[in-house]
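Read top to bottom, the protein sequences are chains A and B.
Using this note's numbering, you'd call the opening residue of the first sequence number 10 and step up by one each time.
Using this note's numbering, you'd call the opening residue of the second sequence number 256 and step up by one each time.
Each remark here refers to the structure printed beneath this line.
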Amino acid sequence: MLLYLFKRLIYTIPIVLGVAVVCFVLVHIAPGSPLDSVLPPDASQDLKAQLMAIYGFDRSYPEQFLRWSGRALQGDLGTSVATSRPVTAEVTRAVGNTLMLAALATVIGFVLGAFLGFIAGTFRDTWIDKAASLVSVIGVSVPHYWLGMVLVIIFSATLGWLPPTGAGPGGSGDWTWEWAHVRHMILPAITMSVIPMGIIARTVRALVAEIMGQEFIAGLKAKGLTRIGIFGHVVKNVAPTALAVMGVQLGYLLGGSILIETVFAWPGTGLLLNSAIFQRDLPLLQGTILVLALFFVALNLAVDVLQTALDPRVERR
Amino acid sequence: MAVVTHDRFVAEPVERSPSYWQTVLIRFRRDPVAMLAAAIVLALLLMAIFAPWIVPQDPYKGLSLRRLKPVGTDGFILGTDELGRDMLSRLIMGARLSLFMGVTPVFIALFLGGAIGVVAGYVGGWVNTILMRTIDVFFAFPSVLLAIALSGALGAGIANGLISLTIVFIPPIARVAESVTTGIRARDFVEAARASGAGALSIIRYHILGNVLGPIFVYAMSLIAVSMILASGLSFLGLGVKPPEPEWGLMLNTLRTAIYTQPLLCALPGLMIFITSIAFNMLTDGLRSAMDLKG
């Protein structure tokens with residue numbers, strides 16, 4: 010097991026390096042000077058050159074990359090061009106908010122999705138299966154940003170039950186787990202939960218249907234085991250894969266929250282990314298993408314390792 | 256004049272067992288949901304193609320006097336948008352860019368990613384290692400993040416949107432193509448073809464592609480729904496398609512300010528994206544079960 014863990018870690022190193030390269034290249038294919046957005050159009054050449062030197066944009070690309078990744082290893086992602094604040098602080102704060110939202114959404118999605126998948130797989134090819142499958146297809150097909158708008162239209166604009174945007178009094182700075190804040194989370198979390206719900210429902214349905222068709226289930230039935238007893242056996246077989254899918258989905262939601270956060274003005278990484286893009290704040294853009302991608306890599310690693318530890322059938326290579 | 260009857264010369268058709276694709280078609284036709292989905296997709300495509308001739312009003316011409324008319328207004332069945340342009344006409348015209356932006360990247364990626372995957376799978380060895388490890392790096396980015404980061408860096412515009420979406424879809428397609436090809440390559444008939452002296456190119460062309468294209472194509476089809484949502488999502492954010500072009504995601508964005516005054520109107524463009532993506536998803540599901548593919 011330790012050896013497996015070690016191998017898996019070693020394998021992650023080139024991926025992380027590749028991710029850093031992609032982040033760097035991605036941001037530097039942007040046309041125009043990186044300071045265009047902050048400098049007035051009539052700024053003197055001297056000032057421009059001076060600022061370029063301060064931010065290190067005057068060096069060659071390989072040199073910039075080495076300096077950036079070297080500092081990133083020490084937790085310093087540079088300085089935002091737009092706000093002059095350290096990128097690391099901005100990203101950390103935003104990641105916390107997004108993580109909170111994405112975790113809640115994943116839990117909602119997992120519970121609903123597992124339930125739908127189980128009943129669909131158990132009552133295969135009945136109307137229950139068809140109805141549950143329809144819900145899961147809707148889950149993966151709905152443009153979530155639109156669903157967010159529709160929920161705002163229903164619950165904020167029409168019924169006035171929940172706030173349409175923001176993170177409550179004092180913004181994200183004074184977040185507490187009180188109703189005044191939590192109510193801001195409900196709509197974005199439900200919107201976000203729809204995607205993992207659909208995917209987990211589909212996965213669980215296929216797994217349950219496959220396991221129910223296996224011989225040992227027939228054997229258990231012949232032995233006289235009750236439905237609930239058989240259910241226990243099915244759960245044990247489905248759980249590792251379902252949990253793995255859930256972990257990966259959490260990663261997808263972390264990275265894919267930008268559209269939902271834009272709709273709800275939720276102060277997370279998505280909103281940060283949005284402002285970085287439109288203010289052409291390259292250090293911030295680069296840092297945010299890097300952190301999100303590394304989160305995703307780490308999550309995948311954790312899922313892999315956990316799955317191997319939990320499920321003795323998974324081969325340890 | 257004697258009437259020559261050909262009847263006796265007509266050979267009795269031999270009972271042939273239907274070919275693979277005929278079976279697929281028969282199974283597909285028996286699936287009412289898949290047929291409905293196919294009909295919707297066809298209708299959307301026809302709407303996109305003939306849009307300029309079927310729009311009731313000029314989709315670009317607005318009038319400030321008739322801004323944000325509700326659904327059901329005389330002459331503007333689905334109301335008017337924030338600049339007084341006819342909503343129905345813009346929704347119909349919007350099908351062009353929305354479908355184009357959603358479908359094109361998947362097909363380019365099918366071609367490029369398919370090529371990468373088949374080559375990696377067929378050649379194997381260090382070529383495979385280099386290609387697939389590079390692909391792995393792209394898997395470290397959630398697709399939404401990669402699409403938005405790329406088009407955010409490149410800037411708004413149709414071409415940049417297409418490029419970023421294509422890059423997003425190449426890695427998954429390449430990975431599927433690689434694993435299917437590796438599976439086929441190990442089969443005996445490929446070994447037999449190689450033993451009988453067939454060159455690499457003709458083996459790929461006749462033995463590999465014939466068996467690999469089906470699964471890759473269905474996989475790519477399943478990505479169209481995602482691509483539609485992402486493409487419109489880019490325009491929704493202000494990347495991708497620029498105003499005044501009608502595109503569903505962009506329309507959703509510009510109408511956001513009116514959700515308190517005209518809620519129903521604002522929801523319409525998103526409904527179009529939803530219908531399109533669910534139709535593509537159900538079509539793919541039907542195709543997949545008709546082709547008896549797993550996954």
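Beta carbons are placed, not taken as given, at the ideal position from N, Cα and C, and that holds for glycine.
As the structure is a prediction and not an experimental result, all values here were calculated from the model.
Contact with chain B is absent for Gly-118/A, since none of that chain's Cβ atoms lies less than 8 angstroms from the residue's Cβ. The residues Ala-534, in chain order, have a CB closer than 6 angstroms to that of Ile-295/B in the same chain once the five nearest residues on each side in sequence are set aside.
If the five residues before and after Asp-286/B are omitted, its C-beta is found closer than 6 angstroms to the C-beta atoms of Gly-541, all from its own chain and listed in chain order. For the options Val-144/A, Leu-281/A, Leu-108/A, Gly-169/A, the alpha carbon positioned closest to that of Met-537/B is the one of Val-144/A. For Trp-275/A, the closest C-alpha among the options Leu-301/A, Asn-106/A, Gly-87/A, Trp-170/A is that of Asn-106/A. Judged by pairs of C-beta atoms under 8 angstroms, the segment 412-431 of chain B does not touch the segment 445-458 of chain B, as fewer than three such pairs exist. Near chain A, meaning a CB-to-CB distance below 7 angstroms, the residues of the segment 468-488 of chain B are Ala-480, Ile-484, Ser-487, Gly-488. Excluding sequence positions up to five before and after Ser-532/B, its CB lies within less than 6 angstroms of the CB of Ala-480, Met-483, Ile-484, all in the same chain and listed in chain order. Neighbourhood of Leu-520/B in chain A, by CB distance below 8 angstroms: empty, with the nearest CB roughly 10 angstroms away.
Under the 10 Å beta carbon count, Lys-245/A is surrounded by fewer than 16 other beta carbons and is classified as exposed.
In the pairwise beta carbon analysis, the segment 207-224 of chain A is classified as not touching the segment 82-92 of chain A: fewer than three pairs are separated by under 8 angstroms.
Legend: CB atoms of the segment 270-297 of chain B lying less than 7 angstroms from CB atoms of chain A are not found in any residue. Of Gly-264/A, Gln-295/A, Gln-258/A, the smallest CA-CA separation from Ile-117/A is found for Gln-258/A. Taking CB atoms only, Ile-195/A has no neighbour in chain B less than 8 angstroms away.
With respect to chain B, the C-beta atom of Ala-274/A has no partner C-beta closer than 8 angstroms. Within chain B, the residues Leu-400 have their CB atoms less than 7 angstroms from the CB of Leu-301/A, given in chain order. Identification of residues in the segment 374-392 of chain B having a C-beta nearer than 8 angstroms to some C-beta of chain A yields Arg-388, Thr-389, Asp-391, Val-392, given in sequence order.
Those residues of the segment 110-141 of chain A placed with their C-beta closer than 8 angstroms to a C-beta in chain B do not exist. Distance from the CA of Pro-427/B to the CA of Leu-386/B, rounded to the nearest whole angstrom, comes to 13 angstroms.
Using a Cβ distance threshold of 8 angstroms, Arg-133/A and Ala-215/A do not count as a contacting pair. Interface annotation for the segment 144-169 of chain A against chain B: Val-146, Ile-147, Val-149, Ser-150, Val-151, Pro-152, His-153, Tyr-154, Trp-155, Leu-156, Met-158, Val-159, Val-161, Ile-162, Ile-163, Ser-165, Ala-166, Thr-167, criterion Cβ-Cβ distance under 9 angstroms. Taking 8 angstroms as the CB threshold, Gly-334/B stays off the interface with chain A. According to the DSSP assignment, Asp-138/A belongs to the alpha helix (DSSP H) that extends over 136-150.
Between Thr-436/B and Val-473/B, the CB-CB gap reaches or exceeds 8 angstroms. At a cut-off of 8 angstroms, the C-beta of Ala-404/B has a neighbouring C-beta in chain A. Between Ile-425/B and Leu-367/B, the C-beta gap is smaller than 8 angstroms, which places the two residues in contact.
Per DSSP, reduced to three states, the secondary structure at Phe-331/B is strand. Under the three-pair Cβ rule at 8 angstroms, the segment 325-345 of chain B does not count as touching the segment 382-399 of chain B. Exclusion of the five residues before and after Val-161/A leaves Pro-173, Leu-196 as the residues of its chain whose Cβ lies within less than 7 angstroms of its Cβ. Counting of Cβ neighbours within 10 angstroms places Asp-313/B among the exposed residues, the total staying below 16. Annotation: Ala-227/A to Leu-252/A spans about 26 angstroms, alpha carbon to alpha carbon. Look at the segment 526-537 of chain B: the residues with a C-beta under 7 angstroms from a C-beta of chain A are Ile-528, Phe-529, Ser-532, Ile-533, Asn-536, Met-537. Beta-bridge annotation (DSSP): Thr-88/A is paired with Pro-95/A. Shown here, Asp-313/A sits in a helix according to DSSP, grouped into three states. Look at Asp-55/A here: in three-state DSSP terms it is helix.
When the alpha-carbon of Gln-316/A is set against those of Pro-95/A, Met-255/A, Leu-60/A, the nearest one is in Met-255/A.
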